[in-house]
Structure formats: structure tokens, C-alpha cells
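In this note's numbering, the protein residues as written are 477 to 785. Notes follow the structure.
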Ligand SMILES: [Mg+2]
């Protein structure tokens with residue numbers, strides 16, 4: 477099977493009214509709406525670094541698109557299209573078919589269209605570039621937090637890191653946490669709704685502490701968070717109570733939940749959003765002018781943030 481038939485067989489999913497030209501041409505040529513800005517993000521996924529070698533093709537496909545969608549969620553974007561660069565050690569038809577089916581199903585769920593890509597031979601690696609749109613000057617940024625803003629996170633923190641820790645220790649994670657690790661749900665709806673409520677926003681990929689610190693640094697502010705207020709599932713809470721390993725929650729990463737700041741005057745809007753859509757967000761702290769992050773309840777002075785290098 478050559479590159480062209482591979483693309484034709486597994487990645488030509490049919491027409492799109494978004495791209496004038498799509499898969500099979502030299503470039504994707506794309507219409508965008510007036511009064512909107514393009515937002516774009518790229519992530520690479522490497523076997524053994526970002527996912528264990530025994531991860532299924534469908535989980536790999538899901539996560540590599542989901543984490544990119546999460547970046548679009550963080551700026552409040554509507555998703556439009558993506559490209560895929562796939563490096564494969566060999567052509568395994570069963571693997572490709574599962575990968576393609578899972579990728580298409582997630583793409584369809586969020587209405588994002590595959591418009592191009594590249595395939596090469598080498599160590600398994602997946603690079604996805606996603607593009608979406610936001611209304612002009614309405615993107616949620618990291619740099620807009622204001623002193624007095626309340627700090628929130630969506631859903632629960634630490635589930636994926638707990639699953640990863642268990643896998644590394646040859647333990648069997650529960651179905652719930654392994655699913656949070658392999659199939660994080662991009663918070664696109666929440667991100668879009670927050671554009672009139674939040675001041676600053678980020679998605680938690682590298683860990684709550686590091687990602688919140690990005691907001692603080694870019695916004696020239698500080699914050700105080702209370703560890704007791706961080707929403708945890710029962711099993712992570714039990715683990716923390718036993719080990720006091722707060723690094724798992726603060727620096728474990730892979731949450732793909734949103735961390736955002738919002739002014740007190742918008743609390744009614746936020747409550748209404750939660751009640752109407754069954755969304756869970758929890759206040760974990762407040763923005764202040766200290767220029768530092770204070771963690772109430774955290775006694776270990778050592779930094780536990782994830783580092784890429
Ligand atoms: Mg991000």
C-alpha cells in the first residue's frame with residue numbers, strides 16, 4: 477500500500493463545505509467567516525513519551541485529536557478543521573482502520589473536518605494541527621486575569637495522572653481513571669460559553685500549578701488557591717489522604733480541564749450556565765496582586781511541575 481492509497485483508504489472521509497479543496501490537493505484552501513479570527517494549535521504525540529506502547533490505536537487517535545481540541549476550548553473557539561501528520565513504523569491495516577474510525581468519530585462528534593496531512597515511515601508519532609475561529613477580539617487569553625477574579629477549574633483534577641501512576645507501578649487503574657487518561661473530553665462547549673464570563677483561561681495539560689502559573693505570569697498577578705477546594709474524585713482523594721502526594725494533583729497533568737478566572741460580577745452568569753447545562757466548575761482560589769502562587773495546605777517546598785525536557 478502506497479501513501480496515496482493509504483490516505484484514500486483511511487483518511488478520505490468525504491466532502492466538506494468548509495474547505496474548497498481538501499485531501500488530495502497540495503494545500504487545503506479554506507473559507508473563513510468575516511469578523512472572526514483564526515486560532516490554531518499543534519501537538520505531537522510520540523509512542524513511549526505521550527502514551528504507553530500498548531495503547532490501542534483507537535485511544536491514540538482519540539487522545540491526539542482531543543488534546544488539540546482542548547487547546548481550542550481554552551480560547552473559547554469554535555472548531556473548524558485539522559491536519560494530520562502520521563509517522564508509522566509499518567503499514568498495519570487493522571491498526572490504521574481502528575485509528576481512522578476513532579479519529580473520525582471524535583471529529584464528527586465535535587464537527588471538525590480533516591483537510592490534509594502527511595504520512596511518513598518511522599517511529600510511531602502523530603502530529604495534529606487544529607484550527608478554529610473566535611469572534612474578533614473575543615478569544616480567551618492567559619493574559620487577562622484581574623486582581624479579585626475568582627479561579628475555577630472544570631470537573632475533577634488528577635484522575636489521568638493517577639491512572640498513569642498506577643500503570644507505571646504495574647497496578648490496574650479503574651475504568652473511570654484510565655478513561656480520563658486515554659479519552660479526555662475536550663471542554664469546547666464550556667470554553668465557548670465562558671467567552672462572556674471569564675477573563676482568562678487555559679487548559680490543564682502540564683499540571684494545574686504550572687498552567688495556572690502561566691496565567692499569573694502572563695497577567696502580571698498572583699493567586700492564592702486552597703488545596704481542600706480542588707475537586708477530586710473519590711479514588712484520587714483516598715490516594716492523597718494516604719500519601720499526601722499533592723504533586724499528583726498539582727503537577728500530574730493530562731487533565732484537559734479548563735482553569736479560568738472570572739470577576740465576581742459574573743457569578744450569576746456562571747451559576748446560570750452551570751444550572752442550565754449540567755456543567756461542574758469549582759472555585760479553587762482568588763487572583764491577588766502578590767505576583768506569586770500561594771497554596772494553602774501545601775507544606776512541601778519542592779516544585780513538582782512536569783517538565784518537557
Ligand atoms: Mg494548552
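Glycine included, C-beta positions come from ideal geometry on N, C-alpha and C. Every value quoted in this text rests on a predicted model; they were computed, and no experiment measured them.
- With respect to residue 668, residue 552 sits close: the two C-beta atoms are nearer than 8 Å.
- About 29 Å separates the beta carbon of residue 653 from that of residue 608, a gap too long to meet the 8 Å contact definition.
- Under DSSP, the beta-bridge partners assigned to residue 523 are 527.
- Excluding its 5 nearest sequence neighbours in each direction, residue 514 has C-beta neighbours in its own chain below 7 Å: 508, 607 and 609, listed in chain order.
- Per the coordinates, the alpha-carbon of residue 676 lies some 24 Å from the alpha-carbon of residue 637.
- Remark: the C-beta of residue 550 is in contact range of ligand 1, defined as less than 7 Å to any heavy atom.
- DSSP links residue 644 through a beta bridge to no other residue.
- Ligand 1 has a heavy atom closer than 7 Å to the beta-carbon of residue 547.
- The three-state reading of DSSP puts residue 541 in helix, counting H, G and I together.
- In the three-state reduction of the DSSP assignment, residue 746 falls in the helix class, which pools H, G and I.
- If you ignore the 5 residues before and after residue 663, its C-beta comes within less than 6 Å of the C-beta of 549, 630 and 734, all in its own chain and listed in chain order.
- The Cβ-Cβ distance between residue 763 and residue 737 falls below 8 Å.
- As a beta-bridge residue in DSSP terms, residue 554 pairs with 609.
- Distance from the CA atom of residue 634 to the CA atom of residue 720, rounded to whole angstroms, is 13 Å.
- Remark: the shortest separation between the CB of residue 755 and any heavy atom of ligand 1 does not fall under 7 Å.
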